[in-house]
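In what follows, a structure is listed as structure tokens, so that the remarks can point back to it.
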Amino acid sequence: MTLSNVPTVFSLDAAPGLPAVSELRWQVASFAVGIVILTIGLAGMALYFFERKTADRSLVYFSLFAFLYALRLTFRQGFLHSLVAAPEAFWKYSDLLINNFIDNFIVVPLTLFVIEIVEARWKRFLRSVLAFQIAFATLRFFSELLSVGRHAVEITYHVVILAYSALLIAYPFSFPRRWRLPGEVKIVYAGLAVFGLFVARNNLADLGKFRWRDIEAFGFLVLIGCLGYVAASRSYSNEQRLLSLQKELEIARQIQSSILPRESPRIAGLDIAAQYVPMTAVAGDFYDFLVVDDQRVGILVADVTGHGVPAALIASMLKTALAAQSASASDPAQVLAGLNRSLCGKFEEHFVTAGYLFLDAGKQILRYAGAGHPPLVFGTVKGKKTTFREIDSNGLLLGLLEDAAYTSLELPFRPGDRCLLYTDGMLETKNGAQEAFGATRFLQFLEAQSDLAAARLIRASLTELTRWSGKGEAGAREDDITLIVVDFAADTAAENASAAG
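Taking UniProt numbering, the leading residue of the sequence shown gets 1, the next gets one more, and so forth.
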């Protein structure tokens, strides 16, 4: 369709402000290029914000750069002023807010994109460049806004842009080993070099040195193609790494699930319940049982610092190390000393806290020792009320010193009494005011819920932590939580006494 066939409403006679036909064709072509670039920018932003799974921000910087350039390019086309029925004030302020603002600050997302992909040694220098760009852009923006020193600032601006373009073009060739630059950096700088030529050409024209038609948008298409390729490539690579990591985590989760007890042991006179709630799919809490016979059992609860696969691997080492301590199951101090010797020298950046409890239902005694672990909580029945207190017998963290010594304590365990082993996630859960749940609140809650059976008490405790955090059941936890409750059943105590008689 030729311009002579355009309906009267859009004819040249109906819009006397329209430019000449040749100029109009050029503006329409530039407008079409702007729409294409705008679509690319919006699509990139949508992809980043709706599918964001990594901390890499190159895609959003690329999209923002494309969006700003396209917005400026489309609004600069003069034929829009004649075709869109808008007050003159609209075009005045749109020119001020869109053209002037974007002219000054469009280089910011471009520099942020480059910072995202270059080696670490260049990031500091480029951040200095970014700070200069923002400062100068702010100066030029307000110079235009307030009409103060516009001529001097404008000349300085064009000189800076020309110098910046020259640096972009020359940068890759300033190193003897330029072929060692990362491939994606080469692609970006190839696009920048081409675009820099177009920008330099336009700025020379703006300085009055030449009378050239503005074809910068076509140079920008080359740049946007290079940036888009790099951004898409990085997004794809990150997606592949994420999928690979998820597979590894799933395998690690299965391994960890296999090393945790499937059920609590059945010991005459004891009601044992346990619950493990990981912060992530793979975490560092661990618990296990050393069953001696039908009346004696040892219980280990441990917490490996950190989270994820490394912590889970160390937790799996604990299972093997604990099994090797079966001969010393009745002596908590010896069990912890043996675990410590097994773990020493196996890792450097992690350490392990642990608590070991031995229960003899026949003799109605318990023995406990700790290694940098939260204290054992012991509840004693006094009339109709159960009073809880902390039992602390701590030594050095596991895995630090091979000759570390541990001590244990012994307590009578009467019918109706209760004890709890747990990891620090129970106490360190925070609410919206960043206040930890804490030991005092935990003991008060246990006393208020002392009539609940072991399994129900665990469920109630986890529900209370969820309520305290205010994050709901699906909310992210701040730490792994392991809670074990042991009740000494009154009826089985009588049976044991009768059998002994």
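For glycine and all other residues, C-beta sits at the position ideal for the given N, C-alpha and C.
Any heavy atom of the ligand COA closer than 6 Å to the beta-carbon of residue i?
i: ASP480; result: Although the ligand COA was asked about, the structure shown includes no ligands whatsoever.
Taking 7 Å as the threshold (C-beta atoms), are residue j and residue i in contact?
i: LEU59; j: SER235; result: yes
i: LEU343; j: LEU260; result: no
i: TYR350; j: VAL304; result: For clarity, residue 350 is His in the given sequence; the question names Tyr instead. Cβ atoms of HIS350 and VAL304: closer than 7 Å.
i: TYR69; j: PHE113; result: no
i: VAL335; j: ALA302; result: no
i: residue 513; j: ASP480; result: The displayed coordinates of the chain run from 1 to 501. Any statement about residue 513 would go beyond what the structure contains.
i: SER30; j: ALA217; result: yes
i: GLY355; j: LEU421; result: yes
i: ALA436; j: GLU428; result: yes
i: ALA252; j: GLN295; result: no
i: ASP288; j: LEU322; result: yes
i: GLY470; j: GLY432; result: yes
i: CYS226; j: GLY191; result: yes
i: ARG341; j: GLU250; result: no
i: PHE79; j: LEU38; result: no
i: VAL297; j: VAL230; result: no
i: SER94; j: PHE75; result: yes
i: GLY34; j: LEU73; result: yes
i: ASN104; j: PHE141; result: yes
Apply the 10 Å Cβ neighbour rule to residue i and answer buried if 16 or more other Cβ atoms are within range, or exposed otherwise.
i: ARG124; result: exposed
i: SER326; result: exposed
i: THR423; result: buried
i: GLN254; result: exposed
i: THR482; result: buried
i: ASP487; result: buried
i: ILE484; result: buried
i: ARG467; result: exposed
i: GLU144; result: buried
i: VAL194; result: buried
i: GLY269; result: buried
i: TYR406; result: buried
i: ALA499; result: Model confidence at ALA499 stands at a pLDDT of 40, short of 50, so the residue's coordinates are unreliable; what they give is reported in the following sentence. Classification for ALA499: exposed.
i: VAL28; result: exposed
i: ALA131; result: exposed
i: ALA311; result: buried
i: ASP285; result: buried
i: GLU116; result: buried
i: PHE358; result: buried
i: GLN77; result: buried
With respect to the alpha helix (DSSP H) encompassing residue i, which residues constitute its N-terminal and C-terminal limits?
i: THR386; result: No alpha helix (DSSP H) holds THR386; the beta strand (DSSP E) holding it covers 385-391.
i: THR440; result: 439-448
i: VAL148; result: Unbroken run through VAL148: none, as it is neither H nor E.
i: ALA324; result: Here ALA324 belongs to no alpha helix (DSSP H), and DSSP marks it neither H nor E.
i: ARG253; result: 216-259
i: ILE458; result: 454-469
i: THR39; result: 21-50
i: GLY338; result: 332-343
i: PHE488; result: That residue, PHE488, is in no alpha helix (DSSP H); its beta strand (DSSP E) goes 481-488.
i: VAL60; result: 58-75
i: LYS92; result: 88-94
Over the uninterrupted beta strand (DSSP E) stretch that includes residue i, give me the two end residues.
i: ASP103; result: Element bounds for ASP103: not the beta strand (DSSP E) but the alpha helix (DSSP H), 101-105.
i: TYR287; result: 285-291
i: TYR276; result: 270-277
i: GLY425; result: Careful: GLY425 lies outside any beta strand (DSSP E), inside the alpha helix (DSSP H) at 425-428.
i: GLU410; result: 409-412
i: LEU421; result: 418-422
i: PHE358; result: 352-360
Assuming residue i contacts residue j (C-beta within less than 8 Å), just tell me the rounded distance between them.
i: VAL139; j: VAL153; result: In the sequence under discussion, the amino acid at residue 139 is Leu, which differs from the Val named in the question. Their Cβ separation, rounded to whole angstroms, is 7 Å, which keeps LEU139 and VAL153 in contact under 8 Å.
i: PHE347; j: ILE314; result: 6 Å
i: PHE445; j: CYS419; result: Not confirmed; about 16 Å, so no contact.
i: VAL108; j: ILE134; result: 6 Å
i: TYR368; j: PRO332; result: 6 Å
i: SER328; j: GLY338; result: 6 Å
i: GLY413; j: ILE365; result: A quick correction: the sequence has Phe, not Gly, at residue 413. Indeed they touch by this definition, with Cβ atoms about 6 Å apart.
i: LEU126; j: VAL118; result: 7 Å
i: residue 548; j: ASP417; result: Limits of the chain in this structure are 1 at one end and 501 at the other, which puts residue 548 out of reach.
Is the region 147-155 in contact with the region 97-111, if contact means three or more CB pairs nearer than 8 Å? The region 147-155, when compared against the region 97-111, does not touch it at the 8 Å Cβ threshold.
Check whether the region 382-390 touches the region 452-468, counting contact only when three or more Cβ pairs, one atom from each stretch, lie closer than 8 Å. Result no; under three Cβ-Cβ pairs closer than 8 Å.
Segment contact, 8 Å Cβ cut-off, at least three pairs: the region 456-468 with the region 392-411: Counting Cβ pairs under 8 Å, fewer than three are found: no touch.
Contact between the region 183-202 and the region 217-232 is defined here as three or more beta-carbon pairs at a separation below 8 Å; is this criterion met? By the Cβ criterion, the region 183-202 is in contact with the region 217-232, since at least three pairs of Cβ atoms, one from each stretch, lie closer than 8 Å.
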